[in-house]
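Counted from 1, the sequence shown has number 143 at position 92 by the numbering used here; the numbering is strictly sequential.
For every residue, glycine included, the Cβ atom is placed at its ideal position computed from N, Cα and C.
What follows is a set of notes on a single structure, which appears directly below.
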Amino acid sequence: MTKLVIDSSPADLRSQVKLIRLAPQKIEGQWLLGQTNQETPEINQKQLKVALDRVFHSQQHTRAVVIVYQGQIVAERYAPGFSAQMPLPGWSMTKSVINALVGILVKEGKLSLSDKNLMPVCSLAQMRMLNLLGKMLLS
């Protein structure tokens, strides 16, 4: 029996979700594991450093920036006290980024709004990224 949110505790709601064990799958990209490839000749590393310095020295209290270019992490920086292993709330800004990325994929014909089963079976190592994406979509 499914209960309404207002009639249920968080534990009751969690018990309604059936957890499945996913089969292992080969990882196809270093950035899914958080590995940075900074040897990208077409990127001006000096300008990239200046941009990151500006973001972290502003009054915006930036905690983390990760820049992905052509499927590779080309820049990654964290404020003091923060790290790649620390979950950070993304609030509505992550929804904007995800929606922009979905729009790009739709425009390129790589994704359709009617597509189903978009989440392939993946290994536990890939779950880090999936958990992050799930948190971004729910924030």
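According to DSSP, residues forming a beta bridge with residue i
i	result
Gln123	Tyr120
Arg128	Val116
Chain-order list of residues whose beta-carbon lies under 6 Å from that of residue i (same chain, five-residue window excluded)
i	result
Tyr129	Ala115
Ala62	none
Phe107	Thr113
Residue i versus the options, residue with shortest Cα-Cα distance
i	options	result
Ile118	Thr91, Ser143, Gln136, Lys167	Thr91
Gln98	Ser109, Val157, Ala126, His112	Ala126
Thr113	Phe133, Gln123, Ile94	Phe133
Ser143	Val101, Ser60, Leu184	Leu184
Pro152	Ser60, Gly122, Val101	The question names Pro, but residue 152 is Leu in the sequence shown. Out of Ser60, Gly122, Val101, Gly122 has the C-alpha closest to the C-alpha of Leu152.
Beta-carbon contacts of residue i that lie in its chain and below 8 Å, excluding the five residues immediately before and after
i	result
Val157	Ser163, Leu164
Arg105	none
Leu103	Val116, Ala126, Arg128
Gly160	none
Rounded distance between the beta-carbons of residue j and residue i, thought under 8 Å
i	j	result
Tyr120	Ile155	The pair is not a contact, with the Cβ atoms about 14 Å apart (cut-off 8 Å).
Same chain, Cβ closer than 7 Å to residue i, neighbours up to 5 away in sequence not counted
i	result
Leu169	none
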